[in-house]
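Trainee: Per the numbering used here: the sequence shown = residues 257 to 467.
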Amino acid sequence: MVAIFIFAVVITTVFGSFRAVFSSADAVGGDVKTFATARTCLGRMATDLAALQVTQYPRYEKPEFNDPPDPYRLVGDAIDLSGTQFGRLRFASLAHLALNRDPRKGVCRIVYYVHPKDDDTLVLRRADHLYPFPDFEESEDDPILCDNILALEFGYLDADGEINDSWDSEAADADYATPRAVEVRLTVGTQDRSRTFTTRIALYAFRETKE
């Protein structure tokens with residue numbers, strides 16, 4: 257009986273160790289996938305913003321009453337989903353991704369926005385339309401850049417080195433200029449296990465304030 261008792265204790269300990277090892281392996285595997293997904297997402301953003309297109313002076317004219325907005329405007333704002341604010345960014349770029357074997361190229365309008373799925377999780381989508389740009393509408397046909405989104409924030413670096421939480425290159429508040437860099441803060445995962453990734457993307461094209 258003593259031998260059987262000792263054997264049972266040993267087996268219980270061994271299986272407990274195996275469960276701990278497999279649980280840790282699953283967690284590590286999940287972290288690796290999360291890092292890979294976030295890295296791909298932020299890399300795509302960097303590529304898109306590196307090809308930013310901006311209307312420069314003297315071609316650019318400050319908007320007057322009832323003037324159509326600049327099609328190459330950059331707008332950073334936020335949307336509310338279930339009481340939580342998520343960043344949204346719209347801009348013009350040469351980094352068009354052709355889908356459905358569409359051979360056309362040129363300037364496109366890209367919009368990053370967070371969108372709910374049927375299972376109540378959130379995904380980051382990338383809308384991409386060639387000029388002339390249609391009115392923006394969220395669509396499940398837009399490709400997913402990243403899933404399991406918990407938070408998304410954009411910051412906009414101005415000429416004085418200050419970070420702004422919103423931007424509109426057609427507004428007097430922004431002096432009709434565009435930012436010098438965009439900061440991205442992305443949190444992905446689950447409520448029990450999440451990771452936050454941050455990066456700053458310098459903009460090679462920008463419009464300065466005109467005195």
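C-beta: ideal position from N, C-alpha, C; glycine also.
Counting beta carbon pairs with one atom in the stretch 436-455 and one in the stretch 285-294, are three or more of them shorter than 8 Å?
Mentor: With a cut-off of 8 Å, the stretch 436-455 and the stretch 285-294 count as touching, because enough Cβ pairs lie within range.
Trainee: Out of 353, 318, 467, 380, point me to the one whose CA is closest to residue 343's CA.
Mentor: 380
Trainee: Quick one: measure Cβ to Cβ for residue 357 and residue 389, integer angstroms, because I've assumed they're closer than 8 Å.
Mentor: With 8 Å as the limit, residue 357 and residue 389 do not qualify as a contact, their Cβ atoms being about 21 Å apart.
Trainee: What's the call for residue 368, buried or exposed, on a 16-neighbour Cβ count within 10 Å?
Mentor: buried
Trainee: Suppose the cutoff is 6 Å on Cβ atoms and the five residues either side in sequence are ignored; what does the same chain contact list for residue 407 look like?
Mentor: 443
Trainee: Taking the CB atoms as reference points, tell me whether residue 395 and residue 333 lie closer together than 8 Å.
Mentor: no
Trainee: Can you list, in chain order, the residues of its chain with a C-beta nearer than 6 Å to that of residue 311? Leave out the 5 residues immediately preceding and following it.
Mentor: 326, 328
Trainee: Who are the near neighbours of residue 309 in its chain, counting only those whose CB is closer than 7 Å to its CB and skipping five residues on each side?
Mentor: 328, 348, 349, 350, 363, 461
Trainee: Which of helix, strand or coil does DSSP assign to residue 389?
Mentor: coil
Trainee: Since I believe residue 413 is in contact with residue 437 (beta carbons under 8 Å), could you give me their beta-carbon distance rounded to a whole number of angstroms?
Mentor: 4 Å
Trainee: List, from N- to C-terminal side, the beta strand (DSSP E) runs of 3 residues or more that fit wholly inside the stretch 348-375.
Mentor: DSSP runs (the beta strand (DSSP E)) wholly in the stretch 348-375: 364-372.
Trainee: For residue 451, which of helix, strand or coil comes out of DSSP?
Mentor: Residue state, collapsed to three classes: strand.
Trainee: Residue 437 by DSSP, collapsed to three states: which one?
Mentor: strand
Trainee: Use the C-beta contact count for residue 338: other C-beta atoms within 10 angstroms, 16 or more gives buried, fewer gives exposed.
Mentor: Label assigned to residue 338: exposed.
Trainee: Whose C-beta lies closer than 6 Å to the C-beta of residue 399 among residues of the same chain, with five residues either side of it excluded?
Mentor: Cβ neighbours of residue 399 beyond the five flanking positions: 382.
Trainee: Would you kindly report the start and end of the unbroken beta strand (DSSP E) that includes residue 413?
Mentor: 405-413
Trainee: Is it right to say residue 432 is buried, meaning 16 or more other beta carbons lie within 10 angstroms of its own, or is it exposed?
Mentor: buried
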